[in-house]
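In order, the protein sequence lines correspond to chains U and Y.
In this text, residue positions in the first sequence follow this note's numbering: the first is 1, and each later residue adds one.
In this text, residue positions in the second sequence follow this note's numbering: the first is 1, and each later residue adds one.
All residues carry an ideal CB built from backbone N, CA and C; glycine is no exception.
Take a look at the structure below.
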Amino acid sequence: GQQVMQIPQYQHVQEGEDFTTYCNSSTTLSNIQWYKQRPGGHPVFLIQLVKSGEVKKQKRLTFQFGEAKKNSSLHITATQTTDVGTYFCAVHSLVGNTPLVFGKGTRLSVIA
Amino acid sequence: KAGVTQTPRYLIKTRGQQVTLSCSPISGHRSVSWYQQTPGQGLQFLFEYFSETQRNKGNFPGRFSGRQFSNSRSEMNVSTLELGDSALYLCASSSPGGETQYFGPGTRLLVL
Numbered sequence: 001g002q003q004v005m006q007i008p009q010y011q012h013v014q015e016g017e018d019f020t021t022y023c024n025s026s027t028t029l030s031n032i033q034w035y036k037q038r039p040g041g042h043p044v045f046l047i048q049l050v051k052s053g054e055v056k057k058q059k060r061l062t063f064q065f066g067e068a069k070k071n072s073s074l075h076i077t078a079t080q081t082t083d084v085g086t087y088f089c090a091v092h093s094l095v096g097n098t099p100l101v102f103g104k105g106t107r108l109s110v111i112a
Numbered sequence: 001k002a003g004v005t006q007t008p009r010y011l012i013k014t015r016g017q018q019v020t021l022s023c024s025p026i027s028g029h030r031s032v033s034w035y036q037q038t039p040g041q042g043l044q045f046l047f048e049y050f051s052e053t054q055r056n057k058g059n060f061p062g063r064f065s066g067r068q069f070s071n072s073r074s075e076m077n078v079s080t081l082e083l084g085d086s087a088l089y090l091c092a093s094s095s096p097g098g099e100t101q102y103f104g105p106g107t108r109l110l111v112l
């Protein structure tokens, strides 16, 4: 079945530093979604990327979808303590009617 | 609109018992998915229901089952509980034709 690798597993940064998490698939993806889960909370949808090479921004967050639609990244500029949490990518394969498959997530800690 | 609700929020059971968890999706959402979240395995897909029919099933033993009612509310049942079933069980709903998952707060199950 569809699998997706997400790296790194953990990232500790000083407040104000940048942060990037990567999501990689061995197969071409239909689309990719990103979710954020705060400690003790539940995953919350951030964004969906559909087009090859797509780049979307949400304030300090930049999301990219690779040209081959096999990888994606989430970059946070100048992290803040409010960015703490686990960031998950979730993918649908090109095969129809398959469930969303989540990466194992990158847990971000921000040191003030 | 009210969000996805899950009951109960916390549950303690002993090995061998069974448990039923409930999920009420966002009004108008007909698709409900269930996930198991553990520190080691991340978010693992259990099953998806749409209009009372199971549309997809993850790689879990037959002890895990679910159903969906005509009002889109869903339940999942775990029989003969094992220690390894201790986890956060998340329910998510999505709108017709939509792919974004809207998660509930989860039910935290502890099996002793």
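- CA-CA distance, glutamine 6/Y to threonine 100/Y, rounds to 18 angstroms.
- Runs of alpha helix (DSSP H) with 4 or more residues, each lying fully within the stretch 34-83 of chain Y, are absent.
- Inter-residue distance for leucine 21/Y and arginine 108/Y is about 10 angstroms (C-alpha atoms, whole angstroms).
- A distance below 6 angstroms between beta-carbons, with the five flanking residues on each side excluded, links methionine 76/Y to the following residues of its chain, in chain order: Leu21, Trp34 and Gly66.
- Leaving aside the five residues that flank glycine 103/U on each side, the residues in its chain whose CB is nearer than 6 angstroms to its CB run, in chain order, Val4, Gln6, Cys23, Phe88 and Cys89.
- For serine 94/Y, the closest of Lys57/Y, Phe50/Y, Ser70/Y and Leu83/Y by C-alpha to C-alpha distance is Phe50/Y.
- In this structure, phenylalanine 103/Y places its C-beta atom within 9 angstroms of the C-beta atom of proline 43/U.
- Taking a beta-carbon distance threshold of 9 angstroms, phenylalanine 45/U counts as an interface residue toward chain Y.
- Taking a 10 Å sphere around the C-beta of glycine 16/Y, we find fewer than 16 other C-beta atoms and assign the residue as exposed.
- Between the stretch 48-64 of chain U and the stretch 24-33 of chain U there are three or more inter-stretch CB-CB distances shorter than 8 angstroms, so the stretches are counted as touching.
- Residue contact check for proline 99/U against chain Y: a CB pair falls below 9 angstroms.
- For leucine 110/Y, same chain residues with a beta-carbon under 6 angstroms away, outside a window of 5 residues either side, are Ile12 and Ser86 in chain order.
- In its chain, beyond the 5 residues on either side, Gln37, Gly105 and Arg107 have a beta carbon closer than 6 angstroms to the beta carbon of threonine 86/U.
- Interface with chain U (9 angstroms Cβ-Cβ cutoff): serine 95/Y is excluded.
- For proline 25/Y, the CB contacts under 6 angstroms within the same chain, skipping 5 residues up- and downstream, are Val4, Val32, Ser72 and Ser93 in chain order.
- Rounded to the nearest angstrom, the gap between the Cα atoms of glutamine 80/U and glycine 16/U is 6 angstroms.
- Comparing alpha carbon positions, the residue from Val19/Y, Lys1/Y and Ala2/Y closest to arginine 9/Y is Val19/Y.
- Scanning its chain for C-beta atoms nearer than 7 angstroms, with the 5 sequence neighbours on each side dropped, one finds around threonine 98/U the residues Gln2 and His92, in chain order.
- Listed in chain order, the beta strand (DSSP E) elements of length 3 or more contained wholly in the stretch 40-98 of chain U are 44-49, 55-58, 61-65, 71-76 and 85-93.
- Using a Cβ distance threshold of 9 angstroms, glutamine 37/Y and leucine 88/Y count as a contacting pair.
- Flagged as an interface residue toward chain Y: phenylalanine 88/U, by a C-beta distance shorter than 9 angstroms.
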